[in-house]
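This report concerns only the one structure given below.
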Amino acid sequence: MKNIIFIAPPAAGKGTLSEIIKEKYNIPHISTGDLLRSVVLKEDENSKKIKAILESGQLVTDEIVLDLLRTRICAEDCQNGYILDGFPRNIHQAEEYNKLLTSLGKNLGVVILLEVDENLAKERIVGRVSCPKCGAVYNTYFEQMRPKKAGICDRCMEKLISRSDDNAETFAQRWDTYLKSTAPLIQYYEDMGVLYRINSTDINIAVEEIEKILK
Ligand code: AMP
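Counting in the working numbering, the sequence shown runs from 609 upward without gaps.
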């Protein structure tokens, strides 16, 4: 199985698509955002700094992210491939990741760029809520993604919460950060001949496109 990297602006659906692909191909989904959010839960001095960066919509230092990632991809469950969601976020991370792969004898795999309209992405972000217990994700903006009872998880009846960086102000900063830091990766991976582009407005169509790429 090939390793997969998703490059995408905020709320292009990389989390949702990663979960679907994870189930279909039985490979782990590694979200650097999730890795960082789990560090934040520890509530020490370091985690307070990371929390503040996450809430500002800017990027955490490359060193912190690379350290977390190195440990994660060396785990046993990553030996047959994995999905990277949210990494690399800039050219320096991509270069360091290439070195890391070489030192571990692993292949880069494929890079999939998810394209989505900015307004749709904003609606997805601002309406996103999730269950703190089971992780189920809902969206109050889209009828088919609303919970049956407002604010309550369908599966475990827990009260739904929204991420502290899922608001209109942080969205604008995250979109800007994407354009400045992450979008240059498109050319970088195109030059390496590993980039595929798909439109992720409709998640079901996007899944079909990804399956074709992985064949
Ligand atoms: P995400 O869940 O991918 O939307 O990421 C949420 C936030 O985590 C981002 O806005 C960044 O502050 C931080 N983050 C996630 N991945 C990275 C990364 N590869 N490098 C730096 N910061 C990251």
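From the three backbone atoms N, C-alpha and C, an ideal C-beta is built for every residue, glycine too. Please read all numbers here as calculations on a predicted model, not as lab measurements.
Per DSSP, which one or two residues make a beta bridge with H700?
Residue 700 sits at position 92 when you count from the first residue of the sequence shown. Answer by DSSP bridge pairing: none, since H700 is not bridged.
Quick check on the DSSP output: the beta strand (DSSP E) that includes R805 runs from which residue to which?
As a first step, residue 805 is located in the sequence shown; it is residue number 197 there, counting from the start. Unbroken beta strand (DSSP E) run through R805: L803 to N807.
Does the beta-carbon of Q687 have 16 or more other beta-carbons within 10 angstroms, so that it is buried, or is it exposed?
The residue given as residue 687 occupies position 79 in the sequence shown. It is exposed - the Cβ of Q687 has fewer than 16 other Cβ atoms within 10 Å.
For a quick check, are the C-beta atoms of I699 and Y797 less than 8 Å apart?
The count along the sequence shown starts at 1 and reaches residue 699 at position 91. The count along the sequence shown starts at 1 and reaches residue 797 at position 189. No, they are not a contact pair.
Quick one: grab the DSSP three-state call for L722.
Position 114 of the sequence shown, counted from the start, is the residue given in the question as residue 722. If DSSP states are grouped into helix, strand and coil, L722 belongs with the strands.
Which term fits L625, buried or exposed, when burial requires 16 or more other beta carbons within 10 angstroms of its beta carbon?
As a working note, residue 625 is residue 17 in the sequence shown. Its Cβ being crowded by 16 or more others within 10 Å, L625 is buried.
The beta strand (DSSP E) spanning V745 covers which residue range?
Residue mapping note: residue 745 aligns to position 137 of the sequence shown, counting from 1. First-last of the beta strand (DSSP E) with V745: V745 to N747.
Residues near L822 by beta carbon distance below 6 Å, same chain, minus five either side
In the sequence shown, counting from the first residue as 1, residue 822 sits at position 214. Counting only Cβ-Cβ distances below 6 Å, and skipping sequence neighbours, we find nothing.
Distance between R678 and S711 (C-alpha atoms, nearest Å):
In the sequence shown, counting from the first residue as 1, residue 711 sits at position 103. In the sequence shown, counting from the first residue as 1, residue 678 sits at position 70. Cα to Cα, the separation comes out at about 11 Å.
What beta strand (DSSP E) runs, 3 residues minimum, are completely inside the segment 635 to 691?
Residue ranges of uninterrupted beta strand (DSSP E) with 3 or more members, entirely inside the segment 635 to 691 and ordered along the chain, are 637 to 639.
Have a look at the DSSP bridge pairing and note the partners of K767.
The residue you call residue 767 lines up with position 159 of the sequence shown. Bridge partners of K767: I760.
Is Q701 near the ligand AMP, with its Cβ less than 7 Å from a heavy atom?
Counted from its first residue, the sequence shown places residue 701 at position 93. Yes; taking the cut-off as 7 Å, the Cβ of Q701 has a heavy atom of the ligand AMP nearer than that.
Given the structure, does D773 come close to the ligand AMP, in the sense that its CB is under 7 Å from one of the ligand's heavy atoms?
The count along the sequence shown starts at 1 and reaches residue 773 at position 165. Correct: D773 has its Cβ closer than 7 Å to the ligand AMP.
Leaving aside the five residues before and after G621 along the sequence, list all residues of the same chain whose C-beta is less than 8 Å from its C-beta, in chain order.
For the purposes of this step, residue 621 is identified with residue 13 of the sequence shown, where counting begins at 1. Excluding positions up to five away in sequence, the list reads L722, V724, R732, S808, I811 and A814.
Would you check if the segment 766 to 779 and the segment 664 to 679 touch, i.e. whether three or more CB-CB distances between them fall below 8 Å?
Yes, the segment 664 to 679 touches the segment 766 to 779.
For S646 and P636, the rounded distance between their alpha carbons:
Within the sequence shown, the letter at position 28 stands for residue 636. Within the sequence shown, the letter at position 38 stands for residue 646. Cα to Cα, P636 sits roughly 17 Å from S646.
Looking at R736 and the ligand AMP, is the gap between the Cβ and the nearest heavy atom below 7 Å?
What you label residue 736 is simply residue 128 of the sequence shown in a count that begins at 1. Remark: the C-beta of R736 is outside contact range of the ligand AMP, defined as less than 7 Å to any heavy atom.
Which class does S626 belong to by DSSP, given the choice of helix, strand or coil?
Sequence index remark: in the sequence shown, residue 626 carries index 18 (1-based). S626 falls in the helix class under three-state DSSP.
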